[in-house]
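So the protein lines, in turn, are chains A and B.
Note that the first sequence covers residues -3 to 110 in the numbering used here.
Note that the second sequence covers residues 6 to 118 in the numbering used here.
We put the beta carbon where it would ideally sit given N, CA and C, even for glycine.
Only a predicted model underlies this, so the values are computations on that prediction, with no experimental measurement involved.
Below: the structure, in structure tokens.
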Amino acid sequence: ETGVTQSPTHLIKTRGQQVTLRCSSQSGHNTVSWYQQALGQGPQFIFQYYREEENGRGNFPPRFSGLQFPNYSSELNVNALELDDSALYLCASNQGGGTSYEQYFGPGTRLTVT
Amino acid sequence: GESVGLHLPTLSVQEGDNSIINCAYSNSASDYFIWYKQESGKGPQFIIDIRSNMDKRQGQRVTVLLNKTVKHLSLQIAATQPGDSAVYFCAENSGGSNYKLTFGKGTLLTVNP
Chain A
-3 ETGVTQSPTH LIKTRGQQVT LRCSSQSGHN TVSWYQQALG QGPQFIFQYY REEENGRGNF
57 PPRFSGLQFP NYSSELNVNA LELDDSALYL CASNQGGGTS YEQYFGPGTR LTVT
Chain B
6 GESVGLHLPT LSVQEGDNSI INCAYSNSAS DYFIWYKQES GKGPQFIIDI RSNMDKRQGQ
66 RVTVLLNKTV KHLSLQIAAT QPGDSAVYFC AENSGGSNYK LTFGKGTLLT VNP
């Protein structure tokens, strides 16, 4: 186990609703990245937070937003849910600032949008 | 655009054999590559990484080879075990200091006893 935790494990939402997913980074890590993994695909980078600031973003619309807190835990918020948002959402943490590139993943949150 | 792909979507081997999983990447600016293992219902697990200034790196039972000339990455698993059965992803960092991983689609490795 990596020490990265995510909650909830599973979630079912209706199209148009909003959802918040949570991630606690591994001890000593100040950087959290979020990924979306559709069934049968590799993870797709959503965005990264380093010391509470967004530090890079992938090709996702603005309705995907995030936060990082002083303890380096993080939230992913998705507004106006669409059916295609159904996926496994993964967070990964690492010690950023050029110290280490090794990213450690949590178990993910399975989101189903109906 | 940036892309990381795998030559073989599935690989089936006998227990004890060596496994080789291949990956092609297209971004010549990528400076760091990682192999991850993902078991069903779990997040990706770090296996081994390699920086672009290296050609080869060895770990416990695993070796990663990087050929920058042809933009090719491979993962070799020695004496494959049933517990190695999983989906394997290669990933590249194409974001420079804004560390951003681009993943391939994955290869399903099945180890037959």
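Selected residue, minimal CA-CA separation from residue i, among the options
i: K32/A; options: F108/B, R62/B, C95/B; result: At residue 32/A the sequence reads Gln, which differs from the Lys that was named. Looking at the Cα atoms, F108/B is the closest of the given residues.
i: I52/B; options: G46/B, I26/B, D22/B, V116/B; result: I26/B
i: Q40/A; options: P4/A, N51/A, E48/A, C87/A; result: C87/A
i: E49/A; options: E78/A, F101/A, G(-1)/A, G92/A; result: G92/A
i: P87/B; options: P14/B, G64/B, D22/B; result: D22/B
i: N98/B; options: R47/A, G54/A, G36/A; result: G54/A
i: P118/B; options: T112/B, D89/B, K105/B; result: D89/B
i: Y45/A; options: T108/A, R106/A, N67/A; result: N67/A
i: G52/A; options: T112/B, G111/B, K105/B; result: K105/B
Cα-Cα separation, residue i to residue j
i: Y30/B; j: C95/B; result: 9 Å
i: Q13/A; j: T110/A; result: 10 Å
i: C28/B; j: D54/B; result: 14 Å
i: E71/A; j: K73/B; result: 37 Å
i: L7/A; j: P14/B; result: 29 Å
i: Q19/B; j: A76/A; result: 47 Å
i: V116/B; j: S17/B; result: 6 Å
i: L70/B; j: R47/A; result: 34 Å
i: F11/A; j: L35/A; result: Reading off the sequence, residue 11/A comes out as Arg, not Phe. R11/A and L35/A: Cα-Cα distance of roughly 19 Å.
i: L79/A; j: P4/A; result: 19 Å
i: S33/B; j: Q50/B; result: 25 Å
i: F101/A; j: V0/A; result: 6 Å
i: A84/B; j: S24/B; result: 8 Å
i: P58/A; j: G46/B; result: 28 Å
i: L107/A; j: T112/B; result: 24 Å
i: Q81/B; j: T68/B; result: 5 Å
i: D36/B; j: L114/B; result: 26 Å
i: F56/A; j: H25/A; result: 25 Å
i: S63/B; j: S57/B; result: This sequence places Gln at residue 63/B; Ser is not what is there. When rounded, the distance between both Cα atoms is 15 Å.
i: T(-2)/A; j: R18/A; result: 16 Å
i: V74/A; j: D60/B; result: 41 Å
i: K9/A; j: S79/B; result: 39 Å
i: L11/B; j: Q2/A; result: Only weak support exists for where L11/B lies, its pLDDT of 44 falling under 50; the coordinates are left without a value.
i: F38/B; j: Q65/B; result: 18 Å
i: E7/B; j: G48/B; result: Because E7/B sits at a pLDDT of 40, beneath the cut-off of 50, its placement in the model cannot be relied upon, and the following sentence gives the value as read from the coordinates. Going from the Cα of E7/B to the Cα of G48/B covers about 23 Å.
Nearest-angstrom beta carbon gap, residue j and residue i [assumed within contact, 8 Å]
i: F60/A; j: I42/A; result: 6 Å
i: T27/A; j: S89/A; result: 6 Å
i: L84/A; j: G62/A; result: Not a contact, Cβ separation roughly 17 Å.
i: S69/A; j: S21/A; result: 6 Å
i: Q99/A; j: S23/A; result: No, Q99/A and S23/A are not in contact; Cβ-Cβ is about 15 Å, not under 8 Å.
i: G38/A; j: K110/B; result: 5 Å
Residue-chain proximity (residue i, chain C), Cβ-Cβ < 8 Å
i: Y100/A; result: Of the protein chains in the structure, A and B, none is chain C.
Just checking, does the segment 32 to 51 of chain B make contact with the segment 84 to 94 of chain B on the three C-beta pairs under 8 Å criterion? yes
Can you give, in chain order, each stretch of the beta strand (DSSP E) that sits fully within the segment 37 to 118 of chain B and has at least 3 residues? 37 to 43, 50 to 56, 61 to 63, 67 to 72, 77 to 82, 91 to 98, 106 to 108, 112 to 117
What are the complete beta strand (DSSP E) segments, minimum 3 residues, inside the segment 24 to 51 of chain A? The segment 24 to 51 of chain A contains, as complete beta strand (DSSP E) runs of 3+ residues, the segments 27 to 33, 40 to 46 (chain order).
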